[in-house]
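A.B. asks:
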Amino acid sequence: MTASSAENSHPTNTRLTDQRGHQFWRSLNELADGDAYRARLAPEFPDHADRWPSGLSRRKFLSLMSASLALASWSGCAKKPEEEILPYVEMPEQLVPGQPLYFATAMPLFGYGVGLVAESHMGRPTRVEGNRHHPFSLGATDPFTQASVLTLYDPDRSQAILNNGQISAKAELQSAIGALRQRLDANNGRGFRILSGTITSPTLLAQLKRLKDAYPAMQWHHYEPVPQDADIRGCELAFGRPLQPLYDFGKAAVILSLDDDFLLAGHAPIPHARQFAQHRRASVATSRPREMNRLYVAESTATVTGAKADHRLPLAPQSMEQLLLALASRLDVNSGDEVGTVPAEVPIEWFEALVDDLIRYRFGDCESSALIVVGYNHPPHVHALAQAINAKLGAIGTTVTYIQPVVGTTASSTDSQGNASDDEALLVSPFSQLDSLRQLKEAMKQGEVDTLLVLSSNPVLTAPADWDFTDAISRVPYRMHLGMYADETAELCHWHIPESHYLECWSDVRARNGLVSIIQPLIAPLYDTWSPHQVVAELLGQASVSPYEQLRSAWRERRPDEGAAEIANDFDSQWARWLKLGVVPGTAFPAAPNVGLSSEFAERFTSARNSALATANNTQLDDSDESRGTLLQISFRPDPSIWDGRFANNGWLQELPKPLTKLTWDNALLIAPSLARELDLENEELVTVTRGARQLRLPVWIVPGQSPRVATLHLGYGRKAGGRVASGPGFNAYELRTTDAFWFGNDVRLAKTGERFPLACTQEHHLMHGRELVRAGTLSELQQHPDHPPFMHEHHLPDNPSLLPNWEYDGYKWGMVIDTTACIGCNACVVACQSENNIPVVGKEQVLMGREMHWLRIDTYYHSAADNPETAFQPLPCMHCEKAPCEVVCPVAATVHSDEGLNEMVYNRCVGTRYCSNNCPYKVRRFNFLQYADYDTPVLKLLRNPDVTVRSRGVMEKCTYCVQRISDARIAAKKEERLIRAGEVITACQSACPAEAIQFGNLNNPREPVTEWRESPIHYKLLGELDTEPRTTFLASLTNPNPDLVPREPIHDES
Amino acid sequence: MANIFHPSMNAISRVSIFGMVFVIAAIFFIIWIVVRSPYWTEEGVAREQPVPFSHQHHVGDAGIDCRYCHTSVDKSSFAGIPSTSICMNCHAYLWNDQPMLQPIRDSYRDQKPIRWTRVHDLGDYAFFNHSIHLHKGIGCVSCHGRVDEMPLMWKNQSLLMEWCLSCHRDPVPHLRPREFVYDMRSLEELAESGDLQRGIENDLPEFDAAESDLQSLRLALSQRYDIQSETNCSICHR
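So the protein sequences, as listed, match chains A and B. Here the numbering used here is used: the first residue of the first sequence is 1, the next is one more, and so on. Here the numbering used here is used: the first residue of the second sequence is 1056, the next is one more, and so on.
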């Protein structure tokens, strides 16, 4: 829609009023169906092949063309260049040249371990997958862990020690640290501070403890820009001692999430997504009907958790507490004098239905129960109230257990009471990282700090804006920084030490439940980098002991008692077993006993609430100035792709279309459709956001389902340093984030500027003109019509079916089924595919032209009103049609059918006509318009999967069903003279999926789960009416709404 | 006005227009010939190596099994080029003062790999697996030729796709018992030497080599090894 057509500038309203039934839309533009949208839809690529990267004139183009023509004719006359083979001098143990090796390791993600299995080709790690034995990986991964291998080979990584910005030698750094030690010896460590992120590594904590013992006056602070400790402090209020809740969504029959995006950005998204999906898989229940959980979500920003909800409510963050108070009143939880009333935005029948459901499962059978979770962006007293209600509902012991907090614990295990040892004294403020940083800031401002060591943290970027951290840190006379990138903090430090990647150094890490994994390096450090262990060891004067020896001696001393005496006596075999398993058994923290609501809860809650309210009132900014724009609430969230900015230099993550918004390469101010209508704002329009004296200019993006008066801003963008990819894209949300609105605040003003800023959004790329694309229904519909549920839209084959002959597949018959009920749209599969198949990054300019190369995209479909739509995800790889329209139009037979049913792409034959892509009804083919693959940067060559061709310019490519894995399995099976077994071929997307939504296998093998899924009554073929016989098929998206709440009617907007 | 062109130009222009067809055809023909010629494919062209390693001496004279050096040939896609330590297993004691072997000793001393020149170089878009070929009864000699007669290594075959396909379409004539995949002799030579029967005892216990011709042996092997014609593109290209 265009600004000029004022009368139809909001046609969504008129369209919505006559919406009935299950009609889906993918974007607000599609819903509006304006002329501009239709015009953009017509060509296959939004902007066609006549577009070149900017800066290329017609003259340059012609000269390039003639040069390339001349070169092309000459290139045929050159013989193949000579290649060298460099064998080993001594072959490493276990290695079979050409075969990958797999090692269990773990990635510290925000301080906590995610167990991984890394694939190594001739000594170079190329890929990670989840470790089945690790409870916080379960064999799956998330986008961050998948993309971590790219960070290892990132050419922008910090590679040299810097002293005042100049490259320095290791010996100089060592002598500088030596001099520092002498100073510390002299003054007992007074004025020496360490700042790090969350550290759970037992060995590093023990080293820090030794440092503290040597220099008792030193202090250690820890800070994550996305601190996840509010729940621990909430438990302290509720139960009288700090405890860390561990949730089991698999046992939860009814879940209420308040702003907690537990499926993607919560405490442990992988296991939570797995548990949630397993309890939701009624869709596969052809033979064994199972109960399906019910999810209520009240959230301020549209998240994937809200998208999976059965009942979702856009709610301002400030109203969450009121909703909880109202719940507490209804459920007779004593929360002090406060009598809760249901917030005005919450429909009363919604509230009543929720209460009914919660009561139904209160003290339910021991199998399942109710569960309330609150996002870490809410203050501790809200968490306390949620835990109190959980206790009242009988959730303790079933859906939630409590352990001693993992953060800040150095003891390898807890005593029988689950109590923490005295090691917490090491941390200034163990359970409030913001307080910990505040204490450091205060000390720095008062000149109490003379030496600061920053360990893998970037406080100059991420500290609250009102603290003026730059000024505070500049007052410290001597500053050192250890980090993977020469980032904003490195620029302000005298010394910058390049940090090793987790795949380069020995370490250990605890998972959220305390379970330890040994981090096993896959490769020697690529550059002369240091791990935190080495830096602290240097400070301790123990630099001669390698991190490996430190780790081993630490574990030799305090190995957990496993009971098996004969193993326990032999440390080496025990160690080997830990490395092989990827976990150290017996190190998980036991559930804390006797957890019950403290009798002083009501008082504590009231006082915490009052002090929070007082702080909020004290810091209320002057917002009376109407000229500065419309008054709004603002909410800060970690970015789903680059989190707090630490992954900003990772091209895979930058180009990953963010869930729901589908934005790449930028963040934007996310606003609700109703607000956009009110202010007459369009996507990509630049606005100024003012908060007190702070101002940020950035584009808006309209998000269906956003809370009406809340604008959401993702952290981590708009950086000034930290690599070529990181510095540039987006807008720095930290500039607006202050302590009084650390997560949300209600006093920003938004004003139009009239300017625009292009955002690269992939939501409207590769559209399949409005047909019945996605199927979504409810459990009760399925129960009423178990054979043919009405939402399945039985398609009728045309009278003139395909001209292509039917083919018998009597050998293997590969096929994939994707369960859209389970799919949470988290993008793990997309990055896994990118990593497995050497898919290049194209950059924002090319994404704007619709040239992103992802072989797998996640289509998001919305249904009903834009203000609070229902959402369905449909991941879309190649369909591998049996009667593939692409094959018949290729003039050079570069895309052909195999007798196992694969639709194969032969890159070396492709001449780039793009007819195939034109004829593909699913729009799953991607064309290399330019030379996207980087052939030149040496370090990136180490990243590539050697089993997959690195495609060149002018070649069409697409999902191959990971044919290299099929080939490997086929060869292995043939060598053993058997057939490929069920479950033997696992595609990259399937292995990464935390929700187990993707099944792949041989359709001729009845033992494959994929054959069972294809029998389901809610199984459907996308665009089945075209008779293409796709091999990739889907299970419909099922929800389980409360029968008391009639399915949401489209909301008719009054404006 | 006088004619610019003499009337004979009519004939010449006709001839040259029709002749052009032949010239273009000839160009294509020449290209077709050249890319198949040893000049292009480097078939039969011996390569210089940092150490003039002789397969003739090691395989033919000394009788060392292929797998002693090419350790992963039966396990992996890549046959494996021997590590320096494998050379030094013998050459620490044999010819350990020969100047010709100095690069080997240097490599072992400095822990730096020897930079061999690749002789068999497939396109990066083609994926070949040694182990499955051996397992299916295709011997080394089928592709690499009589390496026991090669003083320096050269390509014995063109490695053109049409050559690969000629066997993938009809593998049977190239089959041999698994027992003899590392043997350089042809099936005929094996039959003459009388070793053949010993080699098929495992795989074809019922089969009597002396009574049957080689073609029926190959057909029987094809049955036993479950040989299929593999011509899907993704068998090699992915």
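Beta carbons are placed, not taken as given, at the ideal position from N, Cα and C, and that holds for glycine.
Quick check: what's the CA-CA separation for residue 1223 of chain B versus residue 662 of chain A?
C.D. replies: Computed Cα separation, rounded: 46 Å.
A.B. asks: Indicate the three-state DSSP secondary structure (helix, strand or coil) for residue 723 of chain A in the structure shown.
C.D. replies: Coil at residue 723 of chain A, not helix or strand.
A.B. asks: Measure from the C-beta of residue 1040 of chain A to each C-beta in chain B and report whether the shortest distance is under 8 Å.
C.D. replies: no
A.B. asks: Along the chain, where does the beta strand (DSSP E) that runs through residue 1199 of chain B open and close?
C.D. replies: No beta strand (DSSP E) contains residue 1199 of chain B, which is instead part of the alpha helix (DSSP H) from 1195–1199.
A.B. asks: Touching or not, the stretch 676–684 of chain A and the stretch 594–613 of chain A, by the rule of three or more beta carbon pairs under 8 Å?
C.D. replies: no
A.B. asks: Determine the burial state of residue 571 of chain A: buried for a count of at least 16 other Cβ atoms within 10 Å of its Cβ, exposed for fewer.
C.D. replies: exposed
A.B. asks: Identify, in the order they occur along the chain, each residue of the same chain with its Cβ nearer than 7 Å to the Cβ of residue 184 of chain A, setting aside the five sequence neighbours on each side.
C.D. replies: 192, 215
A.B. asks: So, does the CB of residue 1190 of chain B fall closer than 8 Å to a CB anywhere in chain A?
C.D. replies: yes
A.B. asks: According to DSSP, residue 451 of chain A sits in a beta bridge with which residue or residues?
C.D. replies: A:192, A:478
A.B. asks: Quick one: list the residues of chain B neighbouring residue 990 of chain A, beta-carbon separation under 7 Å, in chain order.
C.D. replies: Within chain B, no residue comes near residue 990 of chain A; the closest Cβ sits about 18 Å away, beyond 7 Å.
A.B. asks: Mapping DSSP to helix, strand and coil, what is residue 1038 of chain A?
C.D. replies: strand
A.B. asks: Using a Cβ cut-off of 8 Å (strictly closer), state whether residue 1099 of chain B contacts chain A.
C.D. replies: no
A.B. asks: Checking contacts by CB at 8 Å: is residue 892 of chain A closer than that to chain B?
C.D. replies: no
A.B. asks: Please confirm whether residue 1076 of chain A and residue 510 of chain A have their CB atoms less than 8 Å apart.
C.D. replies: Missing from the structure shown is residue 1076 of chain A; chain A here goes from 1 to 1055 and no further.
A.B. asks: Can you tell me which of the three DSSP states residue 174 of chain A falls into?
C.D. replies: helix
A.B. asks: Less than 6 Å between C-beta atoms, sequence neighbours within five positions excluded: which residues of the same chain meet that for residue 915 of chain A?
C.D. replies: 889
A.B. asks: So within the stretch 933–1003 of chain A, which uninterrupted beta strand (DSSP E) runs reach at least 3 residues, ignoring any that extend past its ends?
C.D. replies: Runs of the beta strand (DSSP E) lying entirely within the stretch 933–1003 of chain A, each at least 3 residues long, are 998–1002 in chain order.
A.B. asks: Determine the closest residue to residue 1191 of chain B out of B:1273, B:1149, B:1100, with distance taken between C-alpha atoms.
C.D. replies: B:1273
A.B. asks: Which residue spans inside the stretch 1001–1031 of chain A form an unbroken alpha helix (DSSP H) run of at least 4?
C.D. replies: 1009–1014
A.B. asks: Once you ignore the five residues that flank residue 395 of chain A on each side, which residues in its own chain have a CB closer than 7 Å to its CB?
C.D. replies: 369, 370, 371
A.B. asks: Could you list which residues in chain B have their beta carbon closer than 7 Å to that of residue 376 of chain A, in chain order?
C.D. replies: What residue 376 of chain A touches in chain B: nothing, since even the nearest Cβ is about 44 Å away.
A.B. asks: Establish whether the CB of residue 1233 of chain B and some CB of chain A are separated by less than 8 Å.
C.D. replies: Closer than 8 Å: no.
A.B. asks: Which runs of the beta strand (DSSP E) fall wholly inside the stretch 106–151 of chain A and span at least 3 residues, in chain order?
C.D. replies: 112–121, 124–130
A.B. asks: Report buried or exposed for residue 1286 of chain B, applying the criterion of at least 16 other Cβ atoms within 10 angstroms of its Cβ.
C.D. replies: exposed
A.B. asks: Pick helix, strand or coil for residue 218 of chain A, following the three-state DSSP scheme.
C.D. replies: Reduced to three states, the DSSP call for residue 218 of chain A is coil.
A.B. asks: So, using beta-carbon positions, are residue 314 of chain A and residue 705 of chain A closer together than 8 Å?
C.D. replies: yes
A.B. asks: Cβ atoms of residue 856 of chain A and residue 875 of chain A: under 8 Å apart, would you say?
C.D. replies: yes
A.B. asks: Checking contacts by CB at 8 Å: is residue 168 of chain A closer than that to chain B?
C.D. replies: So no, residue 168 of chain A is outside the interface.
A.B. asks: Please state the DSSP three-state secondary structure of residue 1175 of chain B.
C.D. replies: coil
A.B. asks: Just tell me which of A:979, A:722, A:821 has its CA closest to the CA of residue 151 of chain A.
C.D. replies: A:722
A.B. asks: What are the partner residues of residue 819 of chain A, as DSSP defines its beta bridges?
C.D. replies: A:1035
A.B. asks: Mind checking who residue 909 of chain A pairs with in its DSSP beta bridge?
C.D. replies: Beta-bridge pairing links residue 909 of chain A to no other residue.
A.B. asks: Excluding sequence positions up to five away, which residues of its chain have a Cβ less than 6 Å from the Cβ of residue 428 of chain A?
C.D. replies: 219, 221, 436, 439
A.B. asks: Cutting at 6 Å between CB atoms, please list the residues of its own chain near residue 190 of chain A, excluding the five before and the five after it.
C.D. replies: 217
A.B. asks: Just to make sure I have the definition right: I need the residues of chain A whose C-beta is within less than 7 Å of the C-beta of residue 1176 of chain B. Which are they?
C.D. replies: Ordered by position in chain A, the residues that pass the 7 Å Cβ test against residue 1176 of chain B are 80, 83.
A.B. asks: Measuring only the C-alpha atoms, how far is residue 287 of chain A from residue 1032 of chain A?
C.D. replies: Because residue 287 of chain A sits at a pLDDT of 42, beneath the cut-off of 50, its placement in the model cannot be relied upon, and the following sentence gives the value as read from the coordinates. Cα atoms of residue 287 of chain A and residue 1032 of chain A: separation of roughly 22 Å, rounded to the nearest angstrom.
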